[in-house]
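Novice: Below is one structure. I have some questions about it.
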Amino acid sequence: MPSDKPSPELAYSTDLDDPSRKKLLLMEEEHYLLKREGYAYGFLTVPYVFLADLFLKIPDENICLNLTYLSSALALFCLVGSNYFFYRAFKSSKKISELEKKLIISEAEKQTDKRLDK
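In this text, residue positions in the sequence shown follow the numbering used here: the first is 2, and each later residue adds one.
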């Protein structure tokens, strides 16, 4: 007896003529790139924090305080950038899962129609 649940492989079939499948592949690629940007900004935060800490330890107050502010501002910018890209990646993953559900349901409906036609 065939299962009523559609298999998840149906969403990843090789039929690229379907525009919704192309859209799914593009959205997955965008999701990957957004996550990569988020990690890049996150990794850039670390050296600026270390620089700010290093500048605080130098005895000349005027120059080092300005450099500390600059490094802290750059670290904050990178941290905000990282969070922004991770937020966009999270939103795109929700869209991807919704599109996958629609594709699986439409594929299951096609399979059901084929069975009923027989």
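Ideal placement from N, C-alpha and C gives every residue a C-beta, glycine not left out.
1. Give the DSSP-derived three-state secondary structure of PRO60 in the structure shown.
2. On the premise that TYR42 lies in contact with GLY82, defined as a C-beta separation below 8 Å, what is that separation, rounded to the nearest angstrom?
3. Confirm, please, whether the CB-CB distance from THR46 to LEU68 is below 7 Å.
4. In chain order, which beta strand (DSSP E) runs of at least 3 residues are fully inside the segment 32-104?
5. Cβ atoms of HIS32 and SER98: under 7 Å apart, would you say?
Specialist: Reading it off the structure:
1. Translated into the one-based positions of the sequence shown, residue 60 becomes position 59. Three-state result, PRO60: coil.
2. In the sequence shown, counting from the first residue as 1, residue 82 sits at position 81. In the sequence shown, counting from the first residue as 1, residue 42 sits at position 41. GLY82 to TYR42, Cβ: 4 Å. Contact.
3. Stepping through the sequence shown from its first residue, residue 68 is reached at position 67. Stepping through the sequence shown from its first residue, residue 46 is reached at position 45. No, Cβ-Cβ distance for LEU68 and THR46 is not below 7 Å.
4. The beta strand (DSSP E) runs of length 3 or more contained entirely in the segment 32-104 do not exist; there are none.
5. Taking the sequence shown and counting its residues from 1, one reaches residue 98 at position 97. Taking the sequence shown and counting its residues from 1, one reaches residue 32 at position 31. No Cβ-Cβ contact shorter than 7 Å links SER98 with HIS32.
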